[in-house]
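Peer 1:
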Amino acid sequence: TACALALTTQVLGQDGLYTRTRVLQGDGYAYKCDVPKHKLVTLYNIKNERTYLYCMDKRTGKMYSPKWGDPYLIEPEEWILPTCYSIVNQAFSPETKAKDGQRLLGITLYIDPLKGNVMEVRFRFLSDPESIFWDVPTTVFRNMELEFKKLKFKVTEEAKNLNHVLFSWDQDPSETIKYTLP
3 TACALALTTQ
13 VLGQDGLYTR
23 TRVLQGDGYA
33 YKCDVPKHKL
43 VTLYNIKNER
53 TYLYCMDKRT
63 GKMYSPKWGD
73 PYLIEPEEWI
83 LPTCYSIVNQ
93 AFSPETKAKD
103 GQRLLGITLY
113 IDPLKGNVME
123 VRFRFLSDPE
133 SIFWDVPTTV
143 FRNMELEFKK
153 LKFKVTEEAK
163 NLNHVLFSWD
173 QDPSETIKYT
183 LP
């Protein structure tokens, strides 16, 4: 009986938090975890309204898809990348960062085109036992969301024509910034 209980605990312990679509409750918040067949998890606060909403140009009503050479939507400031990288880097424990496995975390900030504040945050990573995110508690993502929402970007005049501004990057949580803005 003790052997069966230990085996059951071991098997149950192998299930990750992000293996199926569901809502994960936290202390005063809830996250939606969408896991389609291709296993790319989309994790976001259930209060988000823009997670699957395209960036739209309010002048034309069409999807905004920037082309090379288009005007910036956010003023390039020296603090942006180091600060964003630092928020991600500091959110994860040394134990998580030391794990072997798939390490890229996709982060998307939805920025208010008029005020420059972060309205919403979306995370993406693989649902895979080989991913370092397999069993990371939602509190880690919630803490990053709260830190990102403290940021304020300088938006350009072009940005004011959009429904929101997307600022996205992929990052290994143990990586620190290795380059600066031009």
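Under my numbering, think of the first position of the sequence shown as 3, with each following residue one higher. By construction, the Cβ of each residue, glycine as well, lies at the ideal position given by its N, Cα and C atoms. It should be emphasised that the depicted structure is a prediction, and the values quoted were computed from it without experimental measurement.
Could you tell me which residues DSSP pairs with G108 in its beta bridges?
Peer 2: Answer is R126, D172.
Peer 1: Would you call the CB atoms of V43 and S170 closer than 8 Å?
Peer 2: Cβ atoms of V43 and S170: not closer than 8 Å.
Peer 1: Who are the near neighbours of K156 in its chain, counting only those whose CB is closer than 8 Å to its CB and skipping five residues on each side?
Peer 2: Closer than 8 Å at Cβ, skipping near neighbours: I76, E77, E79, G118.
Peer 1: Under 8 Å, do K49 and N165 count as touching if we go by C-beta distance?
Peer 2: For K49 and N165, no; Cβs fall outside 8 Å.
Peer 1: Got a sec, what are the start and stop residues for the beta strand (DSSP E) V47 sits in?
Peer 2: Strictly speaking, residue 47 in this sequence is Asn, with Val absent from that position. It spans 42-47 - the beta strand (DSSP E) in which N47 sits, taken as one unbroken run.
Peer 1: Between which two residues does the alpha helix (DSSP H) harbouring V25 extend?
Peer 2: It is not in any alpha helix (DSSP H) - V25 instead sits in the beta strand (DSSP E) that spans 24-27.
Peer 1: Applying the 10 Å Cβ sphere with the 16-neighbour rule, what's the burial state of L111?
Peer 2: Counting Cβ neighbours within 10 Å, L111 comes out buried, since at least 16 surround it.
Peer 1: Which class does S95 belong to by DSSP, given the choice of helix, strand or coil?
Peer 2: Residue state, collapsed to three classes: coil.
Peer 1: Look at the alpha carbon of P84 and the alpha carbon of I179, and state the distance between them as a whole number of angstroms.
Peer 2: In a straight line, the C-alpha of P84 is about 5 Å away from that of I179.
Peer 1: Mapping the DSSP letters down to three states, classify K154 as helix, strand or coil.
Peer 2: Looking at K154 - three-state DSSP - the assignment turns out to be strand.
Peer 1: Which value, in whole angstroms, describes the spacing of the CA atoms of R22 and L45?
Peer 2: Cα to Cα, R22 sits roughly 11 Å from L45.
Peer 1: Can you find the residues in the same chain that come closer than 6 Å, C-beta to C-beta, to V37, ignoring five residues on each side of it along the sequence?
Peer 2: Excluding positions up to five away in sequence, the list reads R22, T23, V43, S129.
Peer 1: Can you tell me which of the three DSSP states L75 falls into?
Peer 2: DSSP places L75 in coil when its eight states are reduced to three.
Peer 1: Spatial neighbours of L107 within its chain, please: CB distance less than 8 Å, with the 5 preceding and 5 following residues excluded, ordered by chain position.
Peer 2: Once the five neighbours on either side are set aside, the close Cβ partners of L107 are V90, F125, R126, F127, F135, D172, Q173, D174, P175.
Peer 1: Just confirm the distance between the C-beta atoms of G28 and T140, as a whole number of angstroms; I'd bet it's less than 8 Å.
Peer 2: Between T140 and G28 the Cβ distance is about 5 Å, and since that is below 8 Å, they are a contact.
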